[in-house]
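**Student:** Numbering (UniProt numbering), first residue to last: 1 to 437.
Dropping the structure in here first, questions after.
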Amino acid sequence: MDCDALLRLSLWQLDPIRTVLNQLAAAHGGSLGPEAQAALARALRSTPLLRALPPAPRYLAQLLKGLVDQPGSGAGGGASGGVSDELAELCTEVLLRPPAPSSGAVWPHKTWYYSSAPSSEQLTVLEAAHASRVTAFLAAEGGAAPNGDNHHHHKHHEQQQQSQQHEEQQQQKHQHHNQQQQQEEEQEWTQEGEAPSASAGLVTLRLSQNMLDGNTGKRCLDVGCGSGLVGLALFRAGAASATLADGDAGALMNCIRNLGLNGVGRSAVLAGGLQEAVACGARVAVCPMVWEEVAAEEEDEEEQRRAIARLPWFELLVASDVLYDPNIVAPFVRVLARLLRRAPPRLLDADEARGAPSGYGTSSACCAYVATTFRQPATFALFERRAAEAGLRLERLATEGLGQRGAVAFQGARALQDRGGIILHRVTALAGALHHV
Numbered sequence: 001m002d003c004d005a006l007l008r009l010s011l012w013q014l015d016p017i018r019t020v021l022n023q024l025a026a027a028h029g030g031s032l033g034p035e036a037q038a039a040l041a042r043a044l045r046s047t048p049l050l051r052a053l054p055p056a057p058r059y060l061a062q063l064l065k066g067l068v069d070q071p072g073s074g075a076g077g078g079a080s081g082g083v084s085d086e087l088a089e090l091c092t093e094v095l096l097r098p099p100a101p102s103s104g105a106v107w108p109h110k111t112w113y114y115s116s117a118p119s120s121e122q123l124t125v126l127e128a129a130h131a132s133r134v135t136a137f138l139a140a141e142g143g144a145a146p147n148g149d150n151h152h153h154h155k156h157h158e159q160q161q162q163s164q165q166h167e168e169q170q171q172q173k174h175q176h177h178n179q180q181q182q183q184e185e186e187q188e189w190t191q192e193g194e195a196p197s198a199s200a201g202l203v204t205l206r207l208s209q210n211m212l213d214g215n216t217g218k219r220c221l222d223v224g225c226g227s228g229l230v231g232l233a234l235f236r237a238g239a240a241s242a243t244l245a246d247g248d249a250g251a252l253m254n255c256i257r258n259l260g261l262n263g264v265g266r267s268a269v270l271a272g273g274l275q276e277a278v279a280c281g282a283r284v285a286v287c288p289m290v291w292e293e294v295a296a297e298e299e300d301e302e303e304q305r306r307a308i309a310r311l312p313w314f315e316l317l318v319a320s321d322v323l324y325d326p327n328i329v330a331p332f333v334r335v336l337a338r339l340l341r342r343a344p345p346r347l348l349d350a351d352e353a354r355g356a357p358s359g360y361g362t363s364s365a366c367c368a369y370v371a372t373t374f375r376q377p378a379t380f381a382l383f384e385r386r387a388a389e390a391g392l393r394l395e396r397l398a399t400e401g402l403g404q405r406g407a408v409a410f411q412g413a414r415a416l417q418d419r420g421g422i423i424l425h426r427v428t429a430l431a432g433a434l435h436h437v
């Protein structure tokens with residue numbers, strides 16, 4: 001992939017400022033002078049997707065500050081003191097806009113490509129088509145506007161400002177990543193929201209593709225779905241059904257918009273809970289699931305059995321980057337334990353299974369895959385201890401091979417380069433008496 005394409009990918013992904021500047025310097029002989037800054041301005045000005053959905057003002061401000069602080073950028077001259085006039089002028093309009101009043105939680109845009117590496121010509125065609133598609137979707141969502149470009153530009157700016165305010169309120173609790181593209185080799189995936197770390201989601205996504213390859217037809221649940229990235233991967237990998245559940249209303253609305261951006265919105269169902277999501281028979285269903293309500297602490301074993309029997313049965317559970325707060329570890333483990341102990345309605349032999357309706361299976365083995373960004377050792381140790389107390393078996397899986405081979409190659413995905421910081425577990429329920437969960 002050429003240097004200009006790699007730079008555009010880094011900007012779309014909102015890669016760390018140091019990563020962007022290091023790439024820029026490496027492509028220009030170690031200098032961040034006029035040539036490097038001209039390349040950066042060219043990427044921001046000439047790329048359709050970056051024009052339609054520019055990086056957030058905070059990100060651009062950090063990028064300019066990083067340029068000023070670099071010793072190799074002084075040759076840029078100009079009034080900005082290290083940043084060229086062309087680049088400063090290009091960013092000024094975004095940086096000086098007044099904040100818009102907040103009207104609720106909305107999510108910014110960010111992009112990931114994953115596919116076989118496109119050529120520069122293919123990349124130009126892809127980004128132009130994608131920018132047009134995203135712009136049209138957002139314009140339709142906000143109502144027709146006489147000037148679509150201006151309407152979209154203003155709408156996107158409001159989303160950025162509102163999202164920044166929401167991020168401060170939520171302390172990054174429900175920020176999730178955004179946009180993926182894959183179609184056989186280059187199939188479009190668009191997702192909104194911004195994550196402090198998207199690594200766990202991408203590792204789980206890659207795992208789900210490997211796991212369902214040649215083993216389709218499973219009923220799957222994404223526990224704490226966030227943006228819906230992993231649930232969408234399960235659906236496209238051939239799951240019989242994918243239920244995307246989250247306890248946050250803002251995350252669910254973001255997930256629903258992502259389904260629409262990915263062409264799944266019309267076939268997806270917004271359900272009132274897990275039972276309704278399964279009973280509706282949809283291939284993709286989105287529903288609220290508050291862990292403390294689904295897995296309240298019952299007094300005795302019989303009440304636990306009744307609570308488990310009320311839950312629908314899933315063959316496969318996935319959860320990515322949900323262990324960010326020690327306060328949610330206990331309810332999360334209780335949810336896993338009860339869902340894993342839920343027996344299928346009844347087992348079918350191979351002949352019966354061919355004509356079986358959704359909800360019946362040929363195996364009672366239910367398992368969960370939990371991908372965790374390793375942040376606080378104490379929180380992770382708490383998860384392992386609670387899981388053992390709940391009668392769960394944790395099997396740590398290797399992540400080194402994920403994303404390196406197969407039909408889908410992640411291009412420029414920093415998250416997968418950093419997958420050494422991701423801990424991936426296969427979780428199953430131990431046989432025997434119910435533990436207090």
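Positions of the beta carbon are idealized from the N, C-alpha and C atoms, including for glycine.
Please list, in chain order, all residues of the same chain as cysteine 280 whose beta carbon is under 7 Å from its beta carbon, the five residues on each side excluded.
**Tutor:** By the criterion of a C-beta distance shorter than 7 Å, cysteine 280 is surrounded in its chain by Val269, Ala271, once the five residues flanking it on both sides are discounted.
**Student:** Just the C-alpha distance for alanine 245 and glycine 33, rounded to the nearest angstrom, thanks.
**Tutor:** Alanine 245 and glycine 33 have their C-alpha atoms spaced approximately 48 Å apart.
**Student:** Note down the Cα distance separating glycine 224 from glutamine 23, rounded to an integer number of angstroms.
**Tutor:** When only Cα atoms are considered, glycine 224 and glutamine 23 end up about 35 Å apart.
**Student:** Measuring alpha carbon to alpha carbon, tell me which residue in Glu315, Arg257, Gly265, Leu6 is nearest serine 241.
**Tutor:** Relative to the Cα of serine 241, the nearest Cα in the group Glu315, Arg257, Gly265, Leu6 belongs to Glu315.
**Student:** According to the Cβ coordinates, are arginine 338 and alanine 295 closer than 7 Å?
**Tutor:** yes
**Student:** Which runs of the beta strand (DSSP E), 3 residues or longer, sit entirely within the stretch 214–275?
**Tutor:** If we require 3 residues or more, the beta strand (DSSP E) runs fully inside the stretch 214–275 come out as 219–223, 241–246, 268–270.
**Student:** Return the CA-CA distance between threonine 19 and isoleucine 422, expressed in angstroms with no decimal places.
**Tutor:** 20 Å
**Student:** Quick check: the Cα distance between glutamine 170 and asparagine 327, rounded to an integer number of angstroms?
**Tutor:** Because glutamine 170 sits at a pLDDT of 34, beneath the cut-off of 50, its placement in the model cannot be relied upon, and the point is left open.
**Student:** How is leucine 394 classed by DSSP in three states: helix, strand or coil?
**Tutor:** Annotated three-state conformation of leucine 394 is strand, per DSSP.
**Student:** Where do the ends of the alpha helix (DSSP H) carrying isoleucine 17 lie?
**Tutor:** 17–26
**Student:** Measure the alpha-carbon distance for tyrosine 324 versus alanine 26 and round it to whole angstroms.
**Tutor:** 35 Å
**Student:** Around the C-beta of glycine 30, are 16 or more other C-beta atoms found within 10 angstroms, so that it is buried, or is it exposed?
**Tutor:** Residue environment for glycine 30: exposed (fewer than 16 other C-beta atoms within 10 angstroms of its C-beta).
**Student:** Could you spell out the range, first to last residue, of the alpha helix (DSSP H) harbouring residue 503?
**Tutor:** In the structure as shown, the chain starts at 1 and stops at 437, and residue 503 therefore has no counterpart that could be examined.
**Student:** Would you mind giving the Cβ-Cβ distance between leucine 259 and glycine 228, rounded to the nearest angstrom? I have them listed as a contact below 8 Å.
**Tutor:** 6 Å
**Student:** What residues match up with leucine 316 in a beta bridge as DSSP calls it?
**Tutor:** Cys220, Cys367
**Student:** Distance, Cα to Cα, glutamate 293 vs glutamine 376?
**Tutor:** 26 Å
**Student:** Are there 16 or more other CB atoms within 10 angstroms of the CB of cysteine 3, so buried, or fewer, so exposed?
**Tutor:** Cysteine 3 is exposed by the Cβ-count criterion.
**Student:** Using the rule of at least 16 other Cβ atoms within 10 Å of the residue's Cβ for burial, across every protein chain shown, is glycine 263 buried or exposed?
**Tutor:** exposed
**Student:** Around the C-beta of alanine 381, are 16 or more other C-beta atoms found within 10 angstroms, so that it is buried, or is it exposed?
**Tutor:** By the neighbour-count rule (16 or more Cβ atoms within 10 Å), alanine 381 is not buried but exposed.
**Student:** Can you tell me whether cysteine 3 is helix, strand or coil according to DSSP?
**Tutor:** helix
**Student:** Take isoleucine 256 as the anchor and find which of Gly238, Cys287, Arg42 has the nearest alpha-carbon.
**Tutor:** Nearest option by C-alpha distance: Cys287.
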